[in-house]
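Chains A and B, in that order, are what the protein sequence lines are.
Under the working numbering, the first residue of the first sequence is numbered 370, with each subsequent residue one higher.
Under the working numbering, the first residue of the second sequence is numbered 403, with each subsequent residue one higher.
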Amino acid sequence: MSQSPQPETETVSWVKIASADALKAPRPVAPVTAFGLKLVLFRDEEGELGLIGRYCPHRGADLCYGRHENNGIRCPFHGWHFDRTGQCTEQPAEPEDSTMYKAIKLPSFSVVEHEGDILAWAGDGTPPPLAG
Amino acid sequence: MITQKLNDQITRIGPDTSAGAVHRHYWQPAALTDEIAGQDAPMLPVNLLGERLVMLRDDTGALVLKTREASADEAPTHHPAREDIRLVEGGATYPVVEKNGICFAYMGPGEPPAFPNFDCFRAPDSHVFAFKGLWECNWLQALEIGIDPGHASFLHRFLQDEDPEDSYGKQFRDKAANTDMPMTQVLREYPRPDIEVDETAFGLKITALRHMENDLTHVRVTNQIFPSAICIPMSREMIITQWHVPVDDENCYWYTMFTSFDKPVNKELMREQRLKEHSLPDYAPLKNRSNHYHYNPEEQKSLTYTGMGMDINVHDQWAVESMGAIQDRTREHLGRGDAAIVRYRLMLRKAIKAVETGKLERLPMQDRQETPQIVGPLSNDAIADSDDWLAASVSADMERRRAAPWDATV
Chain A
370 MSQSPQPETE
380 TVSWVKIASA
390 DALKAPRPVA
400 PVTAFGLKLV
410 LFRDEEGELG
420 LIGRYCPHRG
430 ADLCYGRHEN
440 NGIRCPFHGW
450 HFDRTGQCTE
460 QPAEPEDSTM
470 YKAIKLPSFS
480 VVEHEGDILA
490 WAGDGTPPPL
500 AG
Chain B
403 MITQKLNDQI
413 TRIGPDTSAG
423 AVHRHYWQPA
433 ALTDEIAGQD
443 APMLPVNLLG
453 ERLVMLRDDT
463 GALVLKTREA
473 SADEAPTHHP
483 AREDIRLVEG
493 GATYPVVEKN
503 GICFAYMGPG
513 EPPAFPNFDC
523 FRAPDSHVFA
533 FKGLWECNWL
543 QALEIGIDPG
553 HASFLHRFLQ
563 DEDPEDSYGK
573 QFRDKAANTD
583 MPMTQVLREY
593 PRPDIEVDET
603 AFGLKITALR
613 HMENDLTHVR
623 VTNQIFPSAI
633 CIPMSREMII
643 TQWHVPVDDE
653 NCYWYTMFTS
663 FDKPVNKELM
673 REQRLKEHSL
683 PDYAPLKNRS
693 NHYHYNPEEQ
703 KSLTYTGMGM
713 DINVHDQWAV
723 ESMGAIQDRT
733 REHLGRGDAA
743 IVRYRLMLRK
753 AIKAVETGKL
763 ERLPMQDRQE
773 TPQIVGPLSN
783 DAIADSDDWL
793 AASVSADMER
803 RRAAPWDATV
């Protein structure tokens with residue numbers, strides 16, 4: 370993904386991107402705009418949070434309408450599946466021998482739930498400690 | 403991925419654009435006959451290829467499009483009342499020809515091209531039903547979903563199959579070819595078609611091969627008709643010929659001619675099925691971005707792949723509108739399943755070059771002698787022994803054509 374969208378600014382601290390209530394529905398998936406990017410926030414089946422690019426890197430369909438399954442988000446257009454790191458894990462319409470999915474990764478951000486808020490961090494390396 | 407410059411070149415269609423110049427060498431659906439039905443002196447607003455027009459009858463009684471006055475900020479599908487329409491003096495006048503329910507306009511230079519002798523034009527009026535609908539996105543992404551045979555296995559997946567006996571007038575609900583398998587089951591169980599693309603006199607022939615058990619292959623042949631149409635099977639009885647016509651850079655209409663090889667089309671039923679999903683006068687779908695296409699997460703779990711109901715038109719509309727007004731192709735990653743899209747873009751770029759260099763004979767279907775000889779195209783589903791799929795596909799089509807009550811011979 371040589372042309373992945375990059376955040377407009379690197380933040381040095383965690384920022385609130387949503388209230389934890391945003392993921393209280395039976396299908397824990399929500400659109401979020403953060404760091405100048407349109408993103409999709411979700412909780413996977415292991416209970417971990419994911420914050421990844423909102424538009425499928427295949428042809429640009431909106432993953433906020435994705436199928437919440439198989440421990441990630443699946444694009445309804447051609448079934449491309451993404452885990453919480455933004456890595457594409459399946460391309461079920463491509464030929465069986467295709468390994469293209471390995472090279473497809475959406476931008477993703479560190480994200481935690483903290484005192485009723487969902488916080489994200491847009492830096493590289495080890496995230497800073499949570500405040501409070 | 404392509405550059406922004408190339409994306410602009412192949413998507414934008416205003417009067418002074420490269421792709422717009424290509425479109426202007428072809429007849430474009432401008433309105434449904436339904437929209438002027440029963441009117442002796444129609445004044446129908448038409449918004450087409452970035453131009454603000456009105457369809458009316460000239461002194462000889464022939465339908466024409468004329469430029470109307472418009473303010474810069476009017477809505478893309480603005481439909482002024484008759485008394486508010488003002489023609490631009492000395493503005494363009496474009497010829498219009500009515501064919502089986504659609505009024506086609508020619509907005510280009512010189513003599514208009516001839517019409518090909520496709521089934522939708524050859525069949526009698528009783529066997530063709532036409533309808534249209536608005537999609538709020540660029541025409542090219544609307545076309546590209548129609549030349550992408552793989553998406554039907556996902557986007558249109560039903561987690562349960564309907565009874566094919568209730569399928570009249572709906573896509574993919576019939577039985578597949580000569581089997582008892584609903585088409586929806588074939589699509590669901592065989593999601594990785596091999597795709598073959600061949601250039602033809604009218605555009606592209608696209609063959610999707612789904613290799614099934616017992617050495618059988620499901621063969622689905624669809625077509626791209628240059629520049630903005632597709633021709634695909636709908637059921638064993640009917641085919642769909644569908645144009646994706648630019649309103650402006652960020653909106654388009656689909657115009658469909660449903661053509662029956664067997665019984666006359668039940669137009670009342672098909673019109674009623676579709677009017678129920680659209681608002682007039684602009685044929686805007688009732689399910690749309692503003693109401694999230696009636697997306698229902700529960701339904702997405704148990705019944706449909708999208709959670710947006712059983713109407714596959716809505717699934718397509720969501721897919722193409724969700725990409726944004728003009729899909730950002732600088733971020734796309736095409737796979738082998740996108741073979742026809744890749745080939746189509748090459749064809750469009752060649753056509754752009756041909757128009758720019760004045761070599762119009764290189765555009766498909768511009769020869770006035772040869773174009774009326776173009777028949778078909780073959781557009782059907784068949785299931786055959788895997789080593790015999792080509793012959794099976796042709797013979798299934800020939801059988802349907804031989805039995806047709808109108809001259810469908812090819």
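A virtual CB, placed ideally from N, CA and C, is assigned to each residue, including glycine.
Round the Cβ separation of residue 482 of chain A and residue 389 of chain A to the nearest angstrom and send it over; I've been treating them as touching at under 8 Å.
Stepping through the first sequence from its first residue, residue 482 of chain A is reached at position 113. Stepping through the first sequence from its first residue, residue 389 of chain A is reached at position 20. That pair is a contact at about 5 Å.
Exposed unless 16 or more other CB atoms sit within 10 angstroms - verdict on residue 795 of chain B:
Along the second sequence, read from residue 1 onward, the residue named residue 795 of chain B stands at position 393. By the neighbour-count rule (16 or more Cβ atoms within 10 Å), residue 795 of chain B is buried.
By the 10 Å Cβ neighbour count, where 16 or more other Cβ atoms means buried, how is residue 713 of chain B classified, buried or exposed?
Working through the second sequence from its first residue, we reach residue 713 of chain B at position 311. It is buried - the Cβ of residue 713 of chain B has at least 16 other Cβ atoms within 10 Å.
Once DSSP output is grouped into helix, strand and coil, what is the label at residue 539 of chain B?
In the second sequence, the residue the question calls residue 539 of chain B occupies position 137. Three-state DSSP puts residue 539 of chain B in coil, outside helix and strand.
Checking contacts by CB at 8 Å: is residue 442 of chain A closer than that to chain B?
The residue you call residue 442 of chain A lines up with position 73 of the first sequence. So, not an interface residue.
With H, G and I counted as helix, E and B as strand and the rest as coil, what does DSSP make of residue 601 of chain B?
Position 199 of the second sequence, counted from the first residue, corresponds to residue 601 of chain B. Strand, per DSSP.
Buried/exposed call for residue 406 of chain B, threshold 16 Cβ in 10 Å:
Translated into the one-based positions of the second sequence, residue 406 of chain B becomes position 4. The residue is exposed, with fewer than 16 neighbouring Cβ atoms inside 10 Å.
What's the gap between the Cα of residue 767 of chain B and the Cα of residue 700 of chain B?
Your numbering for residue 767 of chain B matches position 365 in the second sequence. Your numbering for residue 700 of chain B matches position 298 in the second sequence. Each residue's alpha carbon lies about 48 Å from the other.
By alpha-carbon positions, which one of B:485, B:483, B:455, B:803 ends up nearest to residue 471 of chain B?
For the purposes of this step, residue 471 of chain B is taken as the residue at position 69 of the second sequence. Per the Cα distances, B:455.
At a cut of 8 Å, does the segment 632-649 of chain B reach the segment 528-545 of chain B through at least three beta carbon pairs?
yes
When the cut-off is 8 Å and only beta carbons count, does residue 396 of chain A lie next to chain B?
Position 27 of the first sequence, counting from 1, holds the residue named residue 396 of chain A. It does: the Cβ of residue 396 of chain A has a partner Cβ on chain B nearer than 8 Å.
Please check if any C-beta of chain B sits within less than 8 Å of the C-beta of residue 382 of chain A.
Here the question's residue 382 of chain A lines up with position 13 in the first sequence. For residue 382 of chain A, the answer is no, since every Cβ of chain B falls outside 8 Å of its Cβ.
Closer than 8 Å at the beta carbon, the chain A residues around residue 520 of chain B
Within the second sequence, the letter at position 118 stands for residue 520 of chain B. Those within 8 Å of residue 520 of chain B in chain A number zero; the least Cβ separation is about 28 Å.
Just list the residues that DSSP pairs residue 450 of chain A with in beta bridges.
Taking the first sequence and counting its residues from 1, one reaches residue 450 of chain A at position 81. Answer is A:443, A:459, bridged to residue 450 of chain A.
Run down chain A in chain order and give the residues with a C-beta less than 8 Å from the C-beta of residue 725 of chain B.
Taking the first residue of the second sequence as 1, we reach residue 725 of chain B at position 323. The contacting residues are 424, 428, 429, 430, 431.
Looking at residue 707 of chain B and residue 445 of chain A, is the spacing between their C-beta atoms short of 8 Å?
Here residue 445 of chain A is taken as the residue at index 76 of the first sequence, counted from 1. Here residue 707 of chain B is taken as the residue at index 305 of the second sequence, counted from 1. Cβ distance < 8 Å, so residue 445 of chain A and residue 707 of chain B count as in contact.
Closer than 7 Å by C-beta to residue 727 of chain B: which residues in its own chain qualify, once you throw out the five before and the five after it? Chain order, please.
For the purposes of this step, residue 727 of chain B is taken as the residue at position 325 of the second sequence. Within the same chain, residue 727 of chain B has close Cβ partners 539, 540, 652.
Taking 8 Å as the threshold (beta carbon to beta carbon), is residue 372 of chain A in contact with chain B?
One-based indexing of the first sequence puts residue 372 of chain A at position 3. Low confidence applies to residue 372 of chain A: its pLDDT is 44, below 50, so where it sits in the model is not reliable, and the reading given next is rough at best. Closer than 8 Å to some Cβ of chain B, the Cβ of residue 372 of chain A qualifies, so yes.
From residue 578 of chain B to residue 753 of chain B, what distance separates their C-alpha atoms?
Taking the first residue of the second sequence as 1, we reach residue 578 of chain B at position 176. Taking the first residue of the second sequence as 1, we reach residue 753 of chain B at position 351. Distance between the alpha carbons of residue 578 of chain B and residue 753 of chain B: 36 Å.
Would you say residue 730 of chain B lies against chain A (beta-carbon separation less than 8 Å)?
Numbered from its first residue, the second sequence carries residue 730 of chain B at position 328. Taking Cβ atoms only, chain A reaches closer than 8 Å to residue 730 of chain B, which makes this a yes.
With DSSP run on the structure shown, which of helix, strand or coil describes residue 633 of chain B?
Counting from one through the second sequence, the residue named residue 633 of chain B turns up at place 231. Correct three-state label for residue 633 of chain B: strand.
How is residue 409 of chain B classed by DSSP in three states: helix, strand or coil?
To locate residue 409 of chain B, count along the second sequence from 1; it is residue 7. Helix.
Classification of residue 409 of chain B by the beta-carbon crowding that lies within 10 angstroms, buried from 16 upward
As a position in the second sequence, residue 409 of chain B is number 7, starting the count at 1. Buried is the call here.
Please list, in chain order, the residues of the segment 448-480 of chain A that have any C-beta partner in chain B closer than 7 Å.
448, 460, 461, 462, 463, 464, 465, 467, 469, 473
Let me know the secondary structure DSSP gives residue 808 of chain B once reduced to three states.
Walking along the second sequence from the start, residue 808 of chain B turns up at place 406. Residue 808 of chain B: coil per DSSP, three-state reduction.
Is it right to say residue 511 of chain B is buried, meaning 16 or more other beta carbons lie within 10 angstroms of its own, or is it exposed?
In the second sequence, counting from the first residue as 1, residue 511 of chain B sits at position 109. So residue 511 of chain B ends up on the exposed side.
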